[in-house]
Amino acid sequence: MTAESTADSPVDAPMGACPIIVCVKWVASRIDVDQLDGTIHERPHEQRFSDADLAAVETALDLVDAGARDDERPVVTVICAGPSDADDSLRDLLSVGADNAIRVDTGDDRNPAAQPGSAEVAKRLAETIDTLVGAGSMIVVCGDASMDRGSGSVPAFLAHHLDASQALGLVDVTAEPNGGLTGVRRLDGARREVLSITAPAVISVEGSVAKLRRGSLAATLRSRDAVIEVVPGGFPHALVATVTEPYRPRTRVVAPPSDAVALGRIVELTGARSDRTPPRTVTAEPEEAAQLILDQLREWGYEWGTDSQI
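If you read the sequence shown in numbering that gives the first Met the number 0, its first letter stands for residue 0, the second for the next number, and so on.
The structure is reproduced here in C-alpha cells:
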C-alpha cells in the first residue's frame with residue numbers, strides 16, 4: 000500500500016542543472032570506554048563515513064547519471080563536518096565522481112563530548128551551502144543518521160536554515176523526466192509513502208539505498224593531489240565535564256579468613272558476629288548531613304585525599 004504526497008517547497012523548480020550538495024560526517028566506528036570513570040576515547044584509525052553517508056554520495060551520483068546532459072551536468076559537492084583526518088577519505092569521494100570537496104573544520108579534539116551538537120553543525124553547514132550556492136535552487140542529500148549520535152536531526156535543521164522542503168528517511172530515490180525527484184519513505188504496517196520532490200530540497204537516505212561505486216585507478220591516483228577546501232568551523236567551545244575521581248570508593252583489600260572450618264570462614268567473611276553501627280535517622284542541615292556521611296565512611300575504612308571530592 001502506498002500513499003502519494005508532495006514535499007512542498009518555497010520555490011518549485013526542476014532539478015535541471017542545479018547543484019547537488021552531499022553532507023557527510025566523519026565519525027569513529029568504534030570507541031573505547033574507560034571502565035573506571037566512564038570517559039569515552041575514539042580510536043583514531045577506526046574513523047570513517049557511515050554507510051548512510053556513502054549511500055547519500057552514491058544517490059547524488061546516480062541522480063547526475065540519470066538526468067545529466069552534456070551542457071547541464073549538475074555539480075556534485077561533498078561537504079564534510081570533521082577534523083583534518085577526513086581529508087584522505089574526502090579525496091576517495093572525489094575519485095568516484097564528486098566534483099568538489101569542502102571540509103568544515105570541527106577541530107582535532109578526539110573527545111566526543113567536545114564535538115559540536117547537531118544544531119550547531121547544521122547551522123554551519125547551511126552557512127557554507129548558502130555561500131556556495133546563494134539563493135539558487137539546490138538538492139541536498141544526507142545520510143539519515145550518523146553512527147555516533149544517530150538522532151537524524153541534521154537534515155531537518157538544514158532544511159530549516161535553507162528554507163527548503165524536506166523528505167527524510169527515504170528508502171528509494173529516482174530522478175523524473177520533468178527534472179523532479181520521487182522518493183519513497185517507509186511507514187508503519189508495511190506501507191510506503193511516495194513523495195514528489197522539487198528543488199530546493201533536503202533529502203536523507205538510509206544506508207541500504209545504494210552502495211558506493213569504486214573509482215578507477217586513474218581517478219584514484221589523480222585525487223591524491225586534490226585540494227580540499229577547509230572552512231573554519233567557528234563552533235562554540237564545548238564545556239566538557241571531566242571526572243577527577245572514581246564515581247565510588249575503590250574496593251578495600253581485606254585479609255583472607257583465618258578459620259579452618261568452612262562455616263567459620265563464611266561467618267568471618269559476612270561479618271555476622273561483628274559489631275555494627277545501628278541504623279539511625281538524622282535530621283540535619285545539608286552541611287552537617289554531608290559531614291556525618293563522610294565520618295561514617297571513614298569509620299568503615301574508606302579513605303581519600305583531602306583535596307578530593309565525592
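C-beta atoms are modelled at their ideal positions from N, C-alpha and C, and glycine is treated no differently.
- By the Cβ criterion, the region 113 to 120 is not in contact with the region 38 to 53, since fewer than three pairs of Cβ atoms, one from each stretch, lie closer than 8 Å.
- In this structure D143 is in contact with A51, their Cβ atoms being roughly 5 Å apart against a cut-off of 8 Å.
- Between the region 136 to 153 and the region 21 to 30 there are three or more inter-stretch CB-CB distances shorter than 8 Å, so the stretches are counted as touching.
- For the region 200 to 228, the continuous alpha helix (DSSP H) assignments of 4+ residues that do not extend past its boundaries occur at 216 to 222, in sequence order.
- Taken through DSSP and simplified to helix, strand or coil, L180 comes out as strand.
- Of the other Cβ atoms in all chains shown, fewer than 16 fall within 10 Å of the Cβ of Q34; this residue is therefore exposed.
- For V153 and D86, the gap between their C-alpha atoms comes out near 21 Å.
- By the C-beta density criterion, I265 is exposed, having fewer than 16 other C-beta atoms within 10 angstroms.
- Rounded to the nearest angstrom, the gap between the Cα atoms of E302 and T250 is 11 Å.
- Here the region 87 to 98 does not lie against the region 124 to 135, with fewer than 3 beta-carbon pairs under 8 Å apart.
- In the DSSP assignment, T130 falls within the alpha helix (DSSP H) that extends over S117 to V132.
- Using a 10 angstroms sphere on the CB of G263, the tally of other CB atoms stays under 16, which defines it as exposed.
- Under the three-state reduction of DSSP, E284 is assigned to coil, being neither helix nor strand.
- If you check the CB distance, V170 and V183 come in under 7 Å.
- It is roughly 27 Å from the alpha-carbon of F48 to the alpha-carbon of D162.
- Within its own chain, no residue has a Cβ closer than 7 Å to the Cβ of D224 once the five positions on either side in sequence are excluded.
- By the criterion of a C-beta distance shorter than 6 Å, P285 is surrounded by no residue of its chain, once the five residues flanking it on both sides are discounted.
- Closest in C-alpha terms to G149, from the list I292, G168, V140 and I227, comes G168.
- The residues V281 and A283, in chain order, have a CB closer than 7 Å to that of L291 in the same chain once the five nearest residues on each side in sequence are set aside.
- Between E267 and D274, the C-beta gap is not smaller than 7 Å, which leaves the two residues out of contact.
- Per DSSP, the beta bridge partners of H40 are D31.
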